[in-house]
Each structure stands twice: as C-alpha cells, then as structure tokens.
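Chemist: Numbering (mature numbering (1 follows the signal peptide of the UniProt record, and there is no 0)), first residue to last: -31 to -1, 1 to 190.
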C-alpha cells in the first residue's frame, strides 16, 4: 500500500506538469501572435518593372517577368502572377507577350501576385490582338424548320409573328386540301413514278435481248 506522503508528492508533480503544459501552450499562442506582423509585412506592396512573359486571353491570366524591383535590377527574372482585373486599360483587358509593364505586387501564400499593372510611366497597357474564340453558331437548316402557319423557312410556328393563317397543305402550301390528300406528294411518292423505265428504252432492251436468240435457234435447227 502506497504511503500518503508519496501519493501527495505524485499529485504535486502532476500539477506541476499540468502547469508547465499550460505555460507552453500560452507561449505557443503568444508566438503565433508575434508572427502576425510578419504576415502583414508580406501584404505590403512593392514596385516592379518587367515584361509580360505569357498571357492566356481566354482564361484571363498569365505571368510577368520582373527584371527590376524597387529600382534595383535583379540577377535573374522573377515570375509574378497577373490577372486581367489588375490591368490598367480600357476595353478587353489582356497583355501581349513581351509587352513592357510596370506594376505593384505583393507576396502571398501562393507566391508573388500583381496588384496593378500599367504600361511604362503609368500609361494604359497595350494588350494583345488576340481574342478568345467564341462558340460557333450553327445555322438552321431549312429542311424541317418550315413554319406551319405562314410557310417561312427561318422560324417555327411558335415563333411566327403573324396571326393564325388558314389551314393549308404543309407539303405544297395549297389551301384547297391537307397534306394527307396532297396530289403532288402522292405523285412524287408513288412507286410507279420512280425507277420505271421509259417505253422507248424498254423496247430497245427487248429487241436487244431478242436479236441474239435468233441465231441460236437457227443453229439448233
């Protein structure tokens, strides 16, 4: 059985360890608070000079190649991210590859990001001549798009601006009959009107077939 004095010593030691843990946790929180100003320092703006490395006009972003920072030339160019919303220009915003630019930028968790981009001396950016390709608009085919109300080929009946017209044949547009009894359609779709040989051509074929048979019969006789 453990002595009461020993149990008290262990309890006191446990309290000390707990207190040390609390102090360490408080110290960590204080350290994070102390690091706050450094994050603010990262958000401050810097001035850079360079050229556009590349820019995607369809996506609206790209990278600048910074050759000078705060007036001091850099040994090697540094990439700075640029978005079209940061470009100082009118109309469609974009950059041309190799275009000279001046810009302010900041350091973020993703790297260097531009805040405002202008041309040399603060003028408007020139921009790229390229434009994003739009979706091709498919033209309506005249076949199957005829308006059943007025007979137009550029719209459907539900888009027709004319009042309801008299009912007529959808095939020949006649108001004397409906498409079910259309004589023009019946004539074009009848089996006899398609693939039937003409009488003259048929007579020639019959004579061509009959002529070789005569010598054969003579030879058999």
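Yeah, the Cβ is synthetic: ideal placement off N, Cα and C, and Gly gets one too.
For a quick check, are the C-beta atoms of residue 55 and residue 14 less than 7 Å apart?
Modeler: no
Chemist: Just to confirm the assignment: which complete beta strand (DSSP E) runs, minimum length 3, are found wholly within the segment 11 to 76?
Modeler: Counting only runs of 3 or more, we get 15 to 25, 30 to 38, 41 to 52.
Chemist: Note down the Cα distance separating residue 90 from residue 71, rounded to an integer number of angstroms.
Modeler: 7 Å
Chemist: Rounded to whole angstroms, what's the CA-CA distance from residue 10 to residue 103? Just pull it up for me.
Modeler: Since pLDDT at residue 10 reaches only 45, below the 50 mark, its modelled position is unreliable, and the value read off the structure follows with that caveat. Going from the Cα of residue 10 to the Cα of residue 103 covers about 43 Å.
Chemist: Enumerate in chain order the residues of its own chain whose CB-to-CB distance from residue 66 is below 8 Å, with the five nearest sequence positions on each side excluded.
Modeler: 21, 22, 23, 24, 97
Chemist: Roughly how many angstroms lie between the CA atoms of residue 131 and residue 119, to the nearest whole one?
Modeler: 7 Å
Chemist: Drop a sphere of 10 angstroms on the beta-carbon of residue 42, count the other beta-carbons inside from all chains shown, and report buried for 16 or more, exposed for fewer.
Modeler: exposed
Chemist: Three-state secondary structure (DSSP) at residue 2?
Modeler: With a pLDDT of 42 at residue 2, under the threshold of 50, the modelled position of this residue cannot be trusted; read the value that follows with caution. Correct three-state label for residue 2: helix.
Chemist: Looking at residue 18 and residue 37, is the spacing between their C-beta atoms short of 7 Å?
Modeler: The Cβ-Cβ distance between residue 37 and residue 18 falls below 7 Å.
Chemist: Under 7 Å Cβ to Cβ from residue 59, same chain only, skipping five residues before and after it: list those, please.
Modeler: Answer for residue 59: 93, listed in chain order.
Chemist: Count the other CB atoms within 10 Å of the CB of residue 40; is the residue buried (16 or more) or exposed (fewer)?
Modeler: exposed
Chemist: Just the C-alpha distance for residue 83 and residue 48, rounded to the nearest angstrom, thanks.
Modeler: 10 Å
Chemist: Is the beta carbon of residue 141 sitting closer than 7 Å to the one on residue 129?
Modeler: no
Chemist: Rounded C-beta distance between residue 95 and residue 68? I'm assuming under 8 Å.
Modeler: 5 Å
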